[in-house]
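In this note's numbering, the protein residues as written are 458 to 948.
Don't be surprised by glycine CBs; every beta carbon is placed ideally from N, CA and C.
The structure presented is a predicted model; accordingly, all values stated were derived computationally and were not measured.
The following block contains the structure:
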């Protein structure tokens with residue numbers, strides 16, 4: 458196949474014809490990768506279509522081998538006499554055609570990109586002489602044609618070249634090598650497509666007259682002697698074609714779906730050689746027509762002659778080298794991405810900036826508030842209280858939604874026994890698994906750092922606070938840093 462994008466290079470040279478090998482096995486199609494599909498954003502404006510690449514030159518066509526001899530056709534049996542054909546009845550009336558609804562308006566067509574240069578087309582080899590055309594049999598009388606709708610105006614037809622005389626059909630010689638294709642001229646820039654005109658309404662089809670009664674068929678006369686076949690009469694001129702009605706407005710074309718990835722095409726195997734066509738048998742002599750009178754019995758069909766063996770087909774010529782692929786046109790500019798939908802912001806943080814500080818833990822599994830926060834960070838849509846009996850973050854009215862909550866704590870236990878520690882963020886005084894961290898410190902491991910986050914749904918007026926619990930004897934907990942953050946991530 459020609460590459461439609463190349464036109465800058467010399468055409469390849471013709472290689473010598475060799476025998477065609479057996480058909481190769483088609484390769485398996487490679488698996489396509491399937492990445493994760495992200496959310497679809499707003500589609501930006503489509504940029505202009507890039508320029509079409511240059512079409513490559515067409516390779517030289519290999520030499521076609523000679524055609525084998527056609528086998529002999531058996532003799533045809535004698536054909537019986539055909540009786541006269543009865544008269545055809547009148548055609549019934551056609552129903553009235555319903556009115557066609559109006560066609561939707563055609564959407565505006567975007568500008569067409571510039572067509573790339575077409576590669577050079579190879580020179581077509583010389584066509585062998587055409588055999589003499591036999592005499593055409595007599596054509597039956599054409600019935601009356603119904604009225605055709607009005608034909609739209611046809612553009613001017615180019616002048617037909619003079620047809621050379623048809624020579625007598627001789628023996629078909631070997632097909633010559635196809636010559637090199639000459640360069641095709643550069644395609645001019647295509648102008649913008651004009652708007653399609655409105656289609657005129659289709660006229661109502663006239664009522665067809667009733668079908669006449671079929672006349673009585675007369676008795677069949679004795680079959681007379683068949684006379685010599687007369688000269689074929691001249692075919693009468695064809696009636697003038699009615700004017701075609703105006704074409705309706707084309708409806709708006711819907712958006713084209715995304716083209717899926719084309720799998721790799723397997724390698725096409727080599728075509729094996731075709732056998733030689735056998736010689737065509739001679740046609741049997743036509744029997745003599747019987748005498749006038751009643752139709753005699755049809756004679757038996759003659760024995761069909763044996764078909765000659767199929768001749769060996771000559772080797773297929775070597776296919777010329779395909780020209781190099783033309784340069785791909787530049788990709789159109791990507792349209793501007795539409796604005797991202799807005800999410801009302803809400804966030805807040807509180808920190809321990811005076812470090813270290815201490816928390817007197819009760820122990821024995823009793824929870825104690827983490828009142829170690831002394832600084833309120835940036836806040837929007839939440840209210841933060843620090844330095845009080847209980848440090849808290851409260852969700853303001855109208856700011857409920859899904860929040861990401863995180864707690865970061867570094868602490869040191871002041872005691873020489875093993876302890877289980879629980880750090881958590883409470884919502885309205887209640888624990889939630891998403892905001893709970895469990896850890897264990899041995900008597901030798903005194904310092905621990907905890908950092909965890911969780912996604913929770915919070916409503917207006919919900920209150921968040923941190924607390925700590927340890928299961929051994931009461932001790933002082935030294936806190937080196939402590940930070941609590943809340944950020945709304947969805948309405």
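To which residues of the same chain is residue i closer than 8 Å at the C-beta, ignoring the five residues directly before and after it?
i	result
residue 918	851, 852 and 854
residue 846	826 and 828
Can residue i and residue j be called in contact, C-beta distance under 9 Å?
i	j	result
residue 921	residue 883	yes
residue 858	residue 914	yes
residue 923	residue 866	yes
residue 831	residue 810	yes
Would you mind working out which of the options sits nearest residue i, comparing C-alpha positions?
i	options	result
residue 893	880, 816, 820 and 903	880
residue 762	900, 945, 873 and 739	739
residue 948	856, 887 and 756	856
residue 773	802, 758, 759 and 730	730
residue 775	820, 727 and 945	727
residue 940	904, 833 and 900	833
residue 875	905, 886, 891 and 890	905
residue 902	812, 783, 873 and 715	873
residue 760	749, 742 and 786	742
residue 813	694, 736 and 869	869
For residue i and residue j, what's the separation of their Cα atoms in angstroms?
i	j	result
residue 910	residue 791	39 Å
residue 937	residue 804	24 Å
residue 757	residue 697	47 Å
residue 802	residue 836	10 Å
residue 721	residue 777	23 Å
residue 963	residue 745	The first residue shown for the chain is 458 and the last is 948, placing residue 963 beyond what the model contains.
residue 890	residue 864	14 Å
residue 786	residue 736	54 Å
residue 885	residue 900	34 Å
residue 754	residue 764	29 Å
residue 898	residue 820	14 Å
Here's a check: name, in chain order, each residue in its chain whose Cβ is nearer than 7 Å to the Cβ of residue i, leaving out the five neighbours to either side.
i	result
residue 818	825, 925, 927, 931, 932 and 934
residue 907	866, 880, 894 and 896
residue 943	804, 805, 839, 850, 860, 862 and 921
residue 807	830, 832, 833, 834, 841, 843, 848, 850 and 941
Mind checking residue i: buried by the 16 CB within 10 Å criterion, or exposed?
i	result
residue 751	exposed
residue 877	exposed
residue 946	exposed
residue 798	Below a pLDDT of 50, predicted positions are generally treated as unreliable, and residue 798, at 46, falls in that range; no measurement from the model is reported.
residue 783	buried
residue 788	exposed
Using C-beta distances below 6 Å, list every residue in its chain close to residue i, excluding the 5 sequence neighbours before and after it, in chain order.
i	result
residue 871	932 and 933
residue 888	881
residue 912	861
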